[in-house]
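In this note's numbering, the protein residues as written are 4 to 176.
Heads up, the beta-carbon is just placed ideally off N, CA and C, and yes, glycines get one too.
As the structure is a computational prediction, the values presented were derived from the model and not from experiment.
Structure record follows, encoded as structure tokens.
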Amino acid sequence: MKGCDKLVDAGRRHFLRGGALGTAGVAATTLFQGEAAAVPMPARVDYPSKRLANVSQLKPNAPMEISYPDKDSPGVLIKLGTRVPDGAGPDGDIVAFSTLCPHKGFPLNYAAADKTLNCPGHYSRFDCERGGLQIIGQATQNLPQFTLRVADNGDIFAEGVDELIYGRLSNVL
Numbered sequence: 004m005k006g007c008d009k010l011v012d013a014g015r016r017h018f019l020r021g022g023a024l025g026t027a028g029v030a031a032t033t034l035f036q037g038e039a040a041a042v043p044m045p046a047r048v049d050y051p052s053k054r055l056a057n058v059s060q061l062k063p064n065a066p067m068e069i070s071y072p073d074k075d076s077p078g079v080l081i082k083l084g085t086r087v088p089d090g091a092g093p094d095g096d097i098v099a100f101s102t103l104c105p106h107k108g109f110p111l112n113y114a115a116a117d118k119t120l121n122c123p124g125h126y127s128r129f130d131c132e133r134g135g136l137q138i139i140g141q142a143t144q145n146l147p148q149f150t151l152r153v154a155d156n157g158d159i160f161a162e163g164v165d166e167l168i169y170g171r172l173s174n175v176l
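This is the structure we're talking about:
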């Protein structure tokens, strides 16, 4: 079989060296173009402060349905009963999460036995004691957790979201 006589066998080292030089050239060009080539920073999202409940309304390991940052974004507020990282309240055990699975938007269900939020669609599981960390499943990000503040009178306020809520191009309202 006759092949093209213009083909060149570059070899792996030659190929990698050429790729590295090309990357360095692009980086140098970007550096010398100054501000015009600067990577745009994402816009800071100002979330509304929204009262969700009062600490006195929560029972340990019993989720309360909420919505944040707007009525089209369902979530859950949970007093876990044990102190957790980023937990709010006097015991550091109150957390809130979006209940839309970040994979396909299925509504999540809370399992009190292991304190997880679970997706019935493709079986992703998220650990509420570890900031909504994905345990298993098809999702490609952790569960969005709401930033909470507890006032002196026990009122719980949501004031931000740490991940992208399913179905939104940004968390801007």
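Residues near residue i by beta carbon distance below 6 angstroms, same chain, minus five either side
i, result
"residue 105", "142, 144 and 169"
"residue 160", "52, 54 and 152"
"residue 147", "101, 164, 166 and 168"
"residue 76", "70 and 168"
"residue 92", "58 and 153"
"residue 136", "130 and 145"
First and last residue of the uninterrupted beta strand (DSSP E) at residue i
i, result
"residue 77", "77-82"
"residue 120", "119-121"
"residue 98", "97-101"
"residue 55", "53-57"
"residue 50", "No beta strand (DSSP E) contains residue 50, which DSSP labels as neither H nor E."
"residue 221", "The question about residue 221 has no answer, for the chain in this structure spans 4 to 176."
Cβ-based burial, residue i [other Cβ within 10 Å; buried from 16]
i, result
"residue 114", "exposed"
"residue 66", "buried"
"residue 60", "exposed"
"residue 38", "Low local confidence applies: a pLDDT of 49 at residue 38 is under 50, so the model's placement there is unreliable, with the coordinate-based value given in what follows. Exposed, since its Cβ has fewer than 16 Cβ neighbours within 10 Å."
"residue 120", "buried"
"residue 72", "buried"
"residue 172", "exposed"
"residue 156", "exposed"
Beta-carbon contacts of residue i that lie in its chain and below 8 angstroms, excluding the five residues immediately before and after
i, result
"residue 83", "63, 64, 90, 96, 97, 98, 118, 131 and 132"
"residue 139", "126, 127 and 128"
"residue 86", "94, 95 and 96"
Contacting residues, own chain, Cβ-Cβ under 7 angstroms from residue i (five flanking each side not counted)
i, result
"residue 123", "109 and 112"
"residue 78", "69, 70, 71, 99, 100, 101, 102 and 149"
"residue 50", "72, 162, 163 and 164"
"residue 107", "124 and 125"
Distance cut-off 7 angstroms: residue i Cβ against heavy atoms of the ligand SAH
i, result
"residue 63", "Within the structure as shown, the ligand SAH is missing, as the structure has no ligands at all."
Query - Uninterrupted beta strand (DSSP E) stretches inside the segment 127-172 (no shorter than 3 residues) - result: List check, beta strand (DSSP E) in window: 128-130, 136-139, 149-153 and 158-164.
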